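Single-structure report; data block below.
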């Protein structure tokens, strides 16, 4: 079974700073996907970024980028020039590449607060 | 835009009651999921369905059942609610490797 671990329950930074959220995972699969989801106070889960394991290049979406280290099974999220609207719970998630229903396995979450 | 709608945002029930949580998606997705979210535990998969009338247990199915009579609707049933089922429940549907979530139902069992 796959597991995902987020070791930082809470983080807090000042607006405009850069922050990195950590995530490690355990799997014997070679082909899979990794995700970061954001959950603001509205409770709506929002996909931040997605990485395909067979791609060596790290995914980037505007101010959000990942550091994907496949051998170390590490998938951290970097948020540059942080904004107040980035305040949210952030979940790292794993999905095995397979036929049929694609299930997500989530980490425990990191509560990120951006201070003005 | 994909829309996944959960019928209730907040729900308060009594111990022993039968509880139905409803979820509807409007994108003709085959796969649908029920997760529960608890502080410090993240989201854990209760049940999922990959077609009408087809279902599979997730990681924590005990105390729950599901129903999928129509493609767009996936219901989570608590046969006899207990206080340890107080939680946030999130429904999702998926297309390939993209999941789309509802806004959640915060269920309190007293």
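Chains as they are written, first to last, in the working numbering: chain A, 1 to 116; chain B, 1001 to 1110.
Positions of the beta carbon are idealized from the N, C-alpha and C atoms, including for glycine.
From a predicted model like this one, the values you see are computed outputs, not experimental measurements.
Residue i versus residue j - alpha carbon distance
i: residue 43/A; j: residue 89/A; result: 9 Å
i: residue 85/A; j: residue 20/A; result: 16 Å
i: residue 1087/B; j: residue 1008/B; result: 13 Å
i: residue 59/A; j: residue 1079/B; result: 43 Å
i: residue 61/A; j: residue 76/A; result: 14 Å
i: residue 1041/B; j: residue 1029/B; result: 27 Å
i: residue 1027/B; j: residue 1105/B; result: 21 Å
i: residue 63/A; j: residue 1015/B; result: 46 Å
i: residue 78/A; j: residue 23/A; result: 11 Å
i: residue 1101/B; j: residue 51/A; result: 19 Å
Coarse secondary structure for residue i, derived from DSSP in three states
i: residue 1058/B; result: coil
i: residue 1038/B; result: strand
i: residue 1085/B; result: helix
i: residue 86/A; result: helix
i: residue 95/A; result: strand
i: residue 1024/B; result: strand
Anticipated Cβ contact below 8 Å, residue i with residue j, distance rounded
i: residue 2/A; j: residue 94/A; result: 5 Å
Exposure of residue i, with buried meaning 16 or more beta-carbon neighbours within 10 Å
i: residue 1075/B; result: buried
i: residue 1043/B; result: buried
i: residue 1054/B; result: exposed
i: residue 1049/B; result: buried
i: residue 1110/B; result: exposed
i: residue 100/A; result: exposed
i: residue 46/A; result: exposed
Secondary structure, alpha helix (DSSP H): runs of 4+ residues fully inside the stretch 3-73 of chain A: Whole alpha helix (DSSP H) segments, 4+ residues: zero.
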